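*Asks:* I have a structure I would like to understand better, so I am pasting it below and will then ask my questions one at a time.
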Amino acid sequence: MANEVRITIGADTKQADNAVKSFKDKLKDISGKAKGAGLALGAMGAGGVVAIKGFADAALVQQKAVNALTATMANAGESFSDVEEKIMSTTAALQKKTNFGDEAQIAALSQLIPILGSTELALAALPAVMDVAALQGTDLLSTVKTMGPALGGLTNRVRGTALEFDEAEGPMERIEKVLAQLGGTAESQADPFTQMGNAIGDVKESIGAQLLPLITPL
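The number in our numbering is simply the position in the sequence shown, starting from 1, with 83 added.
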């Protein structure tokens, strides 16, 4: 794979040609990173610019989710950087086994942390929330809204399910009860096409993350 970026865009004006040349020169600076992300951005036509925007958009969605989680954790007195590896590896592993992408999981964590009081409990609750979401056919954020208060002890029932908790049970005991009753539901509903789409999304995010430093100033 050649370590360079080639972009060809048809244009009728000298100004457009100069702009493309400048863009091409700047892209060469990050060609090595793009190669490391697993894609040869070579011989692209006009559609290549649209593709690049798609990569950047995917990276922005991930970045916004992480930024929101970082702020939520800071408000809870925790540091994202301290547990970043654990969070990213956990969400990646769960994505491989279920239909839920890592961005959706990160967004769910942002909602669970204020309710449960810690990132550790939120991560422990994530599989349980996934199982209930898979059972009900709902997305993670909708499920957090109905399930979070029950896990946090604000109520003793999960609306729309038969799940009930004793008033004395703490968050971890409630999480374990959900997993005991519904554990594996999300994995059993995994759709290979959904998982393939999530995997492709990860590739786009990886490439987009390398392109953002270039795209943003341009």
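Cβ atoms here follow ideal geometry from the backbone N, Cα and C, with glycine treated the same way.
The structure presented is a predicted model; accordingly, all values stated were derived computationally and were not measured.
(1) For Q219, which residues of its own chain have a beta-carbon under 8 Å away from its beta-carbon, when the five flanking residues on both sides are left out?
(2) Which residues mark the beginning and the end of the alpha helix (DSSP H) in which T226 is found?
(3) If you check the beta carbons only, do D185 and T174 fall under 8 Å apart?
(4) Check each candidate in I196, D140, N182, G137 and name the one with the smallest Cα separation from A157.
(5) Looking at the unbroken alpha helix (DSSP H) that takes in D185, where does it start and where does it end?
(6) Could you check how far apart the C-beta atoms of I189 and A148 are, in whole angstroms? I think they sit under 8 Å.
(7) Whole angstroms are fine: how far does the CA of G266 sit from the CA of D214?
(8) Where do the N-terminal and C-terminal ends of the alpha helix (DSSP H) with D165 fall, by residue?
(9) Is it right to say P296 is buried, meaning 16 or more other beta carbons lie within 10 angstroms of its own, or is it exposed?
(10) With DSSP run on the structure shown, which of helix, strand or coil describes R240?
(11) Can you tell me the Cα-Cα spacing of T181 and A251, whole angstroms?
(12) Applying the criterion that 16 or more other CB atoms from any shown protein chain within 10 Å of the CB defines a buried residue, is G231 buried or exposed?
(13) In the DSSP output, what is E256 paired with across the bridge?
(14) Along the chain, where does the alpha helix (DSSP H) containing Q219 start, and where does it finish?
(15) Go to A269, then tell me how far its alpha helix (DSSP H) extends in each direction, as first and last residue.
(16) So, using beta-carbon positions, are I177 and L209 closer together than 8 Å?
(17) Once DSSP output is grouped into helix, strand and coil, what is the label at E288?
(18) Suppose the cutoff is 8 Å on Cβ atoms and the five residues either side in sequence are ignored; what does the same chain contact list for Q264 look like?
(19) Determine the direct distance from the alpha carbon of G160 to that of I258, and round the result to whole angstroms.
*Replies:* Let me lay it out:
(1) Residue mapping note: residue 219 aligns to position 136 of the sequence shown, counting from 1. If the five residues before and after Q219 are omitted, its C-beta is found closer than 8 Å to the C-beta atoms of T226, G243, T244, all from its own chain and listed in chain order.
(2) One-based indexing of the sequence shown puts residue 226 at position 143. From DSSP, the alpha helix (DSSP H) with T226 extends over 223 to 234.
(3) Here residue 185 is taken as the residue at index 102 of the sequence shown, counted from 1. Here residue 174 is taken as the residue at index 91 of the sequence shown, counted from 1. Cβ distance < 8 Å, so D185 and T174 count as in contact.
(4) The sequence position of residue 157 within the sequence shown is 74, counting from 1. Ranking the options by Cα distance to A157, first place goes to I196.
(5) Taking the sequence shown and counting its residues from 1, the one referred to as residue 185 is at position 102. Its alpha helix (DSSP H) spans residues 185 to 199.
(6) Stepping through the sequence shown from its first residue, residue 189 is reached at position 106. Stepping through the sequence shown from its first residue, residue 148 is reached at position 65. Right, the Cβ-Cβ distance comes to about 4 Å (below 8 Å), so this counts as a contact.
(7) Indexing the sequence shown from 1 puts residue 214 at position 131. Indexing the sequence shown from 1 puts residue 266 at position 183. Distance between the alpha carbons of D214 and G266: 6 Å.
(8) If you number the sequence shown from 1, residue 165 lands on position 82. Looking at the DSSP string, the run of the alpha helix (DSSP H) that includes D165 is 163 to 180.
(9) By one-based count along the sequence shown, residue 296 stands at place 213. Classification of P296: exposed, given that the 10 Å Cβ count is below 16.
(10) Within the sequence shown, the letter at position 157 stands for residue 240. In the structure shown, R240 sits in a strand (DSSP, three-state: E or B).
(11) Residue numbering aside, residue 181 sits at position 98 when the sequence shown is read from its first letter. Residue numbering aside, residue 251 sits at position 168 when the sequence shown is read from its first letter. Between T181 and A251, the C-alpha separation is close to 32 Å.
(12) Translated into positions along the sequence shown, residue 231 becomes position 148. Classification of G231: buried, given that the 10 Å Cβ count is 16 or more.
(13) Sequence index remark: in the sequence shown, residue 256 carries index 173 (1-based). Beta-bridge pairing by DSSP links E256 to no other residue.
(14) Indexing the sequence shown from 1 puts residue 219 at position 136. Start and end: 202 to 219.
(15) The count along the sequence shown starts at 1 and reaches residue 269 at position 186. 268 to 271 is the extent of the alpha helix (DSSP H) around A269.
(16) Walking along the sequence shown from the start, residue 177 turns up at place 94. Walking along the sequence shown from the start, residue 209 turns up at place 126. In the sequence as presented, Ile is not what sits at residue 177; that position holds Leu. With contacts defined as CB atoms closer than 8 Å, L177 and L209 qualify as a contacting pair.
(17) Translated into the one-based positions of the sequence shown, residue 288 becomes position 205. Note: E288 maps to helix in three-state DSSP.
(18) The residue labelled residue 264 in the question sits at position 181 within the sequence shown. Correct list, in chain order: L246.
(19) The residue given as residue 258 occupies position 175 in the sequence shown. The residue given as residue 160 occupies position 77 in the sequence shown. The straight-line gap from Cα to Cα measures roughly 23 Å.
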